[in-house]
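Asks: The structure that follows is given in the form of structure tokens.
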Amino acid sequence: MHIDHLKSLRPLQGLIITDVGAGDGVYSRELDAAGATVTAIEVDPIKVAKALTGLPRTIDVKLGAAEDLPLGDKSQDLVCLFFSLHHVPSNVQSEALEEFHRVLKPTGRLHIVEPHPYGTMFDVVRLVEDETEVRTNSHALLTGLDGRHGFQLVDMKQYVLTREYPTFEFFVEKIILPDPERRQAYEANSADIEDTFNRVKESREGRVVLHQPCTAFHYSLTQ
Ligand SMILES: C[S@@+](CC[C@H](N)C(=O)[O-])C[C@H]1O[C@@H](n2cnc3c(N)ncnc32)[C@H](O)[C@@H]1O
-19 MHIDHLKSLR
-9 PLQGLIITDV
1 GAGDGVYSRE
11 LDAAGATVTA
21 IEVDPIKVAK
31 ALTGLPRTID
41 VKLGAAEDLP
51 LGDKSQDLVC
61 LFFSLHHVPS
71 NVQSEALEEF
81 HRVLKPTGRL
91 HIVEPHPYGT
101 MFDVVRLVED
111 ETEVRTNSHA
121 LLTGLDGRHG
131 FQLVDMKQYV
141 LTREYPTFEF
151 FVEKIILPDP
161 ERRQAYEANS
171 ADIEDTFNRV
181 KESREGRVVL
191 HQPCTAFHYS
201 LTQ
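Sequential numbering of the sequence shown, starting at -19, is according to our numbering.
Dropping the structure here:
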């Protein structure tokens, strides 16, 4: 869904793109498949190691942070962040914006998608990691970015990301247990989390569906 929306704004074939906060690289892979030359940047060395073994070799996977990008000046056509800005510590988010500006070509674009602090996915995940404040702050930062830090808002679109899981146990294994802090919170409160999951979930063809509303912000450079 993220990449389909991005493609509707700009053809990706032949572009030089960096995916910042790439995680295990699920969207880097889609950008690569769309014909872009992709660098996946991730701050967590464990995820970098996983991405290095799991992603196509055409994707350049680098250990690095949004606030200190391992990329040259004016080297990128597109800088993308999918659900990662609110993870960048608030005291370095301005530096990260400067870095996005530094590495973009004058004709380049910045594309940031952030989840809202609501939706059925949020209702469940909030019980193990409450991101209300960081998500609210990142949306405020992005809606206020038009005309600041050298960026101009070209497009803003809200859509709902739908995630499907075969069972509650699968959801727990995939979304909660890999993170030690989430795991601890889950172990302390598993009954409440399962109750909430069962209360808010939708069912679709034998699978469980959760929804995560998000907004995609797309900026050009003003200077
Ligand atoms: C919710 S995950 C999103 C991963 C991927 N973009 C996706 O949508 O599947 C957020 C990612 O941002 C990374 N991250 C956190 N702080 C970062 C920073 N300062 N610079 C770059 N990435 C960071 C995390 O390690 C994590 O992999």
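From the three backbone atoms N, C-alpha and C, an ideal C-beta is built for every residue, glycine too.
None of the values given here were measured: they were computed from a predicted structure.
(1) Is the segment 101 to 111 close to the segment 170 to 188, with three or more CB pairs under 8 Å?
(2) Return yes when the C-beta of F62 is under 6 Å from any heavy atom of ligand 1, and no when it is not.
(3) With a Cβ-Cβ cutoff of 7 Å, do A20 and I39 count as a contact?
(4) Cβ atoms of V93 and H(-18): under 7 Å apart, would you say?
(5) In terms of residues, what are the limits of the beta strand (DSSP E) holding E144?
(6) Beta strand (DSSP E) containing K193: first to last residue?
(7) Where does E153 land, buried or exposed, given buried means 16+ other C-beta within 10 angstroms?
(8) Please specify which runs of the beta strand (DSSP E), each continuous and at least 3 residues long, are wholly inside the segment 36 to 83, giving them in chain order.
(9) Would you call I26 buried or exposed, if buried means 16 or more other Cβ atoms sit within 10 Å of its Cβ?
(10) Which class does L11 belong to by DSSP, given the choice of helix, strand or coil?
(11) Taking the straight line between their C-alpha atoms, what separation do you get for T123 and R143?
(12) Between which two residues does the beta strand (DSSP E) harbouring E22 extend?
(13) Assign A46 to buried or exposed, taking buried as 16 or more other Cβ atoms, counted over all protein chains shown, within 10 Å of its Cβ.
(14) Under the assumption that Y7 contacts F62 (Cβ atoms under 8 Å), give the Cβ distance between them as a whole number of angstroms.
(15) For ligand 1, I want to know if G1 counts as a neighbour, meaning its beta carbon is within less than 6 Å of at least one of the ligand's heavy atoms.
(16) Could you give the residue range of the beta strand (DSSP E) that holds E174?
(17) From what residue to what residue does the alpha helix (DSSP H) around V28 run?
(18) From H66 to Q73, what distance separates their C-alpha atoms?
(19) Mapping DSSP to helix, strand and coil, what is L107?
(20) Please identify the residue among Y98, A120 and Y139 whose C-alpha is closest to the C-alpha of E111.
(21) Evaluate A16 with the Cβ neighbour count: other Cβ atoms within 10 Å of its Cβ, from every protein chain shown; 16 or more gives buried, anything less gives exposed.
(22) Here's the rule I'm using: 16 or more other beta-carbon atoms within 10 Å means buried, otherwise exposed. How should K181 be labelled?
(23) Spatial neighbours of A29 within its chain, please: C-beta separation below 6 Å, excluding the five flanking residues on both sides.
Replies: The structure says:
(1) As far as the Cβ criterion goes, the segment 101 to 111 touches the segment 170 to 188, which means the pair count is three or higher.
(2) Mapped onto the sequence shown, residue 62 falls at position 82. Residue side-chain check: F62 places its Cβ nearer than 6 Å to a non-hydrogen atom of ligand 1.
(3) Along the sequence shown, one-based indexing puts residue 20 at 40. Along the sequence shown, one-based indexing puts residue 39 at 59. Yes, these two residues count as a Cβ contact at 7 Å.
(4) Position 2 of the sequence shown, counted from the first residue, corresponds to residue -18. Position 113 of the sequence shown, counted from the first residue, corresponds to residue 93. Yes, the pair counts as a contact, with Cβ atoms nearer than the cut-off.
(5) Looking up residue 144 in the sequence shown gives position 164. F131 to Y145 is the span of the beta strand (DSSP E), which, as asked, contains E144.
(6) The residue given as residue 193 occupies position 213 in the sequence shown. A small correction: the amino acid at residue 193 is Pro; Lys does not occupy that position in the sequence shown. Per DSSP, P193 belongs to the beta strand (DSSP E) from R187 to L201.
(7) On the sequence shown, position 173 is the one that residue 153 refers to. It counts as exposed.
(8) DSSP runs (the beta strand (DSSP E)) wholly in the segment 36 to 83: 40 to 43 and 56 to 62.
(9) Working through the sequence shown from its first residue, we reach residue 26 at position 46. Within a 10 Å sphere around the beta-carbon of I26 sit fewer than 16 other beta-carbons, which makes this residue exposed.
(10) Here the question's residue 11 lines up with position 31 in the sequence shown. Three-state result, L11: helix.
(11) Walking along the sequence shown from the start, residue 123 turns up at place 143. Walking along the sequence shown from the start, residue 143 turns up at place 163. C-alpha separation (whole angstroms): 26 Å.
(12) As a working mapping, residue 22 is identified with position 42 in the sequence shown. Unbroken beta strand (DSSP E) run through E22: T17 to E22.
(13) Working through the sequence shown from its first residue, we reach residue 46 at position 66. Residue environment: A46 is assigned as buried (16 or more neighbouring CB atoms within 10 Å of its CB, all protein chains considered).
(14) The residue you call residue 7 lines up with position 27 of the sequence shown. The residue you call residue 62 lines up with position 82 of the sequence shown. Confirmed, about 5 Å.
(15) The count along the sequence shown starts at 1 and reaches residue 1 at position 21. At least one heavy atom of ligand 1 falls within 6 Å of the beta-carbon of G1.
(16) Locating residue 174 in the sequence shown gives position 194, where the first residue counts as 1. The continuous stretches of beta strand (DSSP E) do not include E174, which lies in the alpha helix (DSSP H) extending over residues P160 to V180.
(17) If you number the sequence shown from 1, residue 28 lands on position 48. Residue range P25 to G34 is occupied by the alpha helix (DSSP H) that includes V28.
(18) Against the sequence shown, residue 66 aligns to sequence position 86. Against the sequence shown, residue 73 aligns to sequence position 93. Approximately 9 Å, taken between the alpha carbons.
(19) As a working mapping, residue 107 is identified with position 127 in the sequence shown. DSSP, read as helix, strand or coil, puts L107 in coil.
(20) Here the question's residue 111 lines up with position 131 in the sequence shown. Restricting attention to Y98, A120 and Y139, the CA atom closest to the CA of E111 is found in Y98.
(21) Indexing the sequence shown from 1 puts residue 16 at position 36. Buried is the call here.
(22) Reading the sequence shown from its first residue, position 201 is the one you call residue 181. When all chains shown are included, K181 counts as buried.
(23) For the purposes of this step, residue 29 is taken as the residue at position 49 of the sequence shown. Nothing listed; no residue qualifies.
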